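Asks: Here it is: the structure, laid out below.
Numbering (the numbering used here), first residue to last: 82 to 224.
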């Protein structure tokens, strides 16, 4: 399985914000700079994370992004389900035009693989991904 850049950046942004939990809000620019990624992409990701209720956006002077949930409450598998299009092939939808769809073993195998992938991610929370806070802070240099 390959995650989209959007999901990748969503996870990175949440890691960054978790590391700064008790400090001032982080800006989109700070997150982008820390990971050397596009400010525009991070802004789109931030909007998604606010809409999903993972992040809160504070307006005004001293504003920015803060976590809306604790890292222990954020399940990685759930986040991936919310940010990814999990339709692997056209036949995973309701309007398949494939003539072998009713008997297709490939669809079954890919479905099982996707389920196993998501079940593996379900075993992790954001807290599990940020347990090495000191090491992550050093690598990000400003979190």
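Glycine included, every Cβ here is placed at the ideal spot set by N, Cα and C. Bear in mind that the values here come from a model prediction, so they are computed numbers and not experimental data.
Please state if the CB of residue 152 and the CB of residue 99 are separated by a distance shorter than 8 Å.
Replies: Looking up residue 99 in the chain shown gives position 18. Looking up residue 152 in the chain shown gives position 71. Yes, the Cβ-Cβ distance between residue 99 and residue 152 is below 8 Å.
Asks: My guess is that residue 127 and residue 137 are in contact by the Cβ rule of under 8 Å, so how many angstroms apart are they, rounded?
Replies: Your numbering for residue 127 matches position 46 in the chain shown. Your numbering for residue 137 matches position 56 in the chain shown. At roughly 10 Å, the Cβ-Cβ gap does not stay under 8 Å, so residue 127 and residue 137 are not in contact.
Asks: With DSSP as the reference, label residue 137 as helix, strand or coil.
Replies: In the chain shown, residue 137 corresponds to position 56, counting from 1. Here residue 137 sits in strand by DSSP.
Asks: Suppose the cutoff is 6 Å on Cβ atoms and the five residues either side in sequence are ignored; what does the same chain contact list for residue 113 look like?
Replies: Counted from its first residue, the chain shown places residue 113 at position 32. 120, 123.
Asks: Counting Cβ pairs, one atom from each stretch, are 3 or more of them under 8 Å apart for the region 201-220 and the region 92-109?
Replies: By the C-beta criterion, the region 201-220 is judged to be in contact with the region 92-109, since at least 3 inter-stretch pairs fall below 8 Å.
Asks: Less than 8 Å between the C-beta atoms of residue 159 and residue 130, yes or no?
Replies: The count along the chain shown starts at 1 and reaches residue 159 at position 78. The count along the chain shown starts at 1 and reaches residue 130 at position 49. Not closer than 8 Å, so no.
Asks: Output the boundary residues of the beta strand (DSSP E) element that contains residue 167.
Replies: Along the chain shown, one-based indexing puts residue 167 at 86. Element bounds for residue 167: n/a, residue is neither H nor E.
Asks: Over what stretch of residues does the alpha helix (DSSP H) that includes residue 202 continue unbroken?
Replies: Translated into the one-based positions of the chain shown, residue 202 becomes position 121. Run containing residue 202: 186-203, per the alpha helix (DSSP H) assignment.
Asks: Whole angstroms is fine: what's the gap from residue 190's alpha carbon to residue 183's?
Replies: Along the chain shown, read from residue 1 onward, the residue named residue 190 stands at position 109. Along the chain shown, read from residue 1 onward, the residue named residue 183 stands at position 102. If I take the Cα positions, the gap works out to 14 Å.
Asks: Where does the unbroken alpha helix (DSSP H) through residue 207 begin, and where does it stop?
Replies: Numbered from its first residue, the chain shown carries residue 207 at position 126. Segment 207-210, the alpha helix (DSSP H) holding residue 207.
Asks: At the level of alpha carbons, what is the spacing between residue 134 and residue 115?
Replies: In the chain shown, the residue the question calls residue 134 occupies position 53. In the chain shown, the residue the question calls residue 115 occupies position 34. A direct Cα-to-Cα measurement between residue 134 and residue 115 gives close to 23 Å.
Asks: Which partner residues of residue 146 appear in the DSSP bridge assignment?
Replies: Within the chain shown, the letter at position 65 stands for residue 146. Within the DSSP secondary-structure output, residue 146 pairs in a beta bridge with 107, 138.
Asks: Looking at the structure shown, is residue 213 part of a helix, part of a strand, or coil, going by DSSP?
Replies: As a working mapping, residue 213 is identified with position 132 in the chain shown. The answer is coil: DSSP assigns residue 213 none of H, G, I, E or B.
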